[in-house]
Amino acid sequence: MSIQESTVEPTVPELQSPSAYAHIVLRAIAFIVDELVLVPFAALGYILISQGTAGYITGGVSVFAYGQAMAFYNRCVLMGETGQSWGKLLTGTKLISIRTGEPLGVGRTIVRDMCHAADFVLVVGSFFPIFDGRRQSLADKIAGSVVINVRRKSAADKHAA
Numbered sequence: 019m020s021i022q023e024s025t026v027e028p029t030v031p032e033l034q035s036p037s038a039y040a041h042i043v044l045r046a047i048a049f050i051v052d053e054l055v056l057v058p059f060a061a062l063g064y065i066l067i068s069q070g071t072a073g074y075i076t077g078g079v080s081v082f083a084y085g086q087a088m089a090f091y092n093r094c095v096l097m098g099e100t101g102q103s104w105g106k107l108l109t110g111t112k113l114i115s116i117r118t119g120e121p122l123g124v125g126r127t128i129v130r131d132m133c134h135a136a137d138f139v140l141v142v143g144s145f146f147p148i149f150d151g152r153r154q155s156l157a158d159k160i161a162g163s164v165v166i167n168v169r170r171k172s173a174a175d176k177h178a179a
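Residue numbers in the sequence shown follow the numbering used here, run continuously in steps of one, and reach 179 at the last position.
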C-alpha cells in the first residue's frame with residue numbers, strides 16, 4: 019500500500035461526487051465517540067489501581083484491558099467488517115475502500131488505525147481532510163480508504179425501488 023495507490027480515480031460510481039465524502043466535523047465527532055468508549059474503563063481502572071493492593075491492581079488492569087479490547091473491536095474489527103464503528107454509525111458515515119466501495123477488512127483497518135499515529139505526530143496529517151478533494155487523512159491515503167456519508171433512503175425512495 020502506498021500513498022500513490024489512493025491518487026487514482028475511484029472506480030466506484032458513487033464516489034464521483036464530492037458530496038459523497040464525509041465532512042471533517044462528522045469524522046471528528048465519530049472519532050470522539052469511539053474514544054469515549056475508553057473513558058469509563060480507564061477511570062474505573064485508575065481508581066482500582068490507585069488503591070494500591072494487589073487485588074485492586076489486578077482488577078484495575080483487567081478493567082483497563084477490557085476497555086482496550088472493546089475499543090479494538092469497535093475501531094478495527096467492527097469497522098473493518100462493516101465499515102462503521104459506533105461513532106460512524108452515530109454520524110451516518112462509513113469507511114470504505116476507494117477502489118471497491120466495500121469495507122476495508124480487519125487487517126487494512128488495523129494498518130489505517132496505526133497510521134493515524136503518524137497523523138497526530140505530524141499534526142498536518144489530521145488536517146488533510148480539510149484541503150483534500152476526497153477529504154482523506156494521511157492514514158486514508160496510505161490505506162486506500164475514504165469515509166463517505168451514508169444516506170438513508172426515505173420511505174418514498176424505498177417504495178419506488
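Note that beta-carbon positions come from the ideal geometry of N, C-alpha and C, so glycine has one too.
From a predicted model like this one, the values you see are computed outputs, not experimental measurements.
When the Cβ atoms of the segment 151 to 166 are set against those of the segment 112 to 130, are three or more pairs found closer than 8 Å?
Taking 8 Å as the limit for Cβ pairs, the verdict is that the segment 112 to 130 does touch the segment 151 to 166.
Evaluate Q154 with the Cβ neighbour count: other Cβ atoms within 10 Å of its Cβ, from every protein chain shown; 16 or more gives buried, anything less gives exposed.
With 16 or more other Cβ atoms within 10 Å, it is buried.
For the structure I just gave you, are there three or more beta carbon pairs, one from the segment 135 to 143 and one from the segment 111 to 126, closer than 8 Å?
Not touching, per the Cβ criterion.
Near R93, which residues of its chain fall below 7 Å by C-beta distance, leaving aside the five closest residues on each side in sequence?
Correct list, in chain order: D52, S103 and D131.
Output the boundary residues of the alpha helix (DSSP H) element that contains I148.
Where I148 is concerned, the enclosing alpha helix (DSSP H) stretches over V142 to F149.
Express the C-alpha separation of S68 and Q22 in angstroms, rounding to a whole number.
Below a pLDDT of 50, predicted positions are generally treated as unreliable, and Q22, at 44, falls in that range; no measurement from the model is reported.
At 4 residues or longer, and completely inside the segment 86 to 125: list those alpha helix (DSSP H) runs for me, N to C.
Qualifying alpha helix (DSSP H) stretches, in chain order: 97 to 100 and 104 to 109.
Between I116 and V165, what straight-line distance do the alpha-carbon atoms span, to the nearest angstrom?
Their backbone Cα atoms lie some 9 Å apart in a straight line.
With which residues is S155 paired in a DSSP beta bridge?
S155 is not bridged to any residue.
Short of 6 Å in beta carbon distance, which residues of its chain neighbour A157, apart from the five on each side in sequence? Order them along the chain.
So the qualifying residues of the chain are R130, C133, H134 and D137.
Where does S37 land, buried or exposed, given buried means 16+ other C-beta within 10 angstroms?
Answer is exposed; the Cβ neighbour count stays below 16.
Near G77, which residues of its chain fall below 7 Å by C-beta distance, leaving aside the five closest residues on each side in sequence?
So the qualifying residues of the chain are L66.
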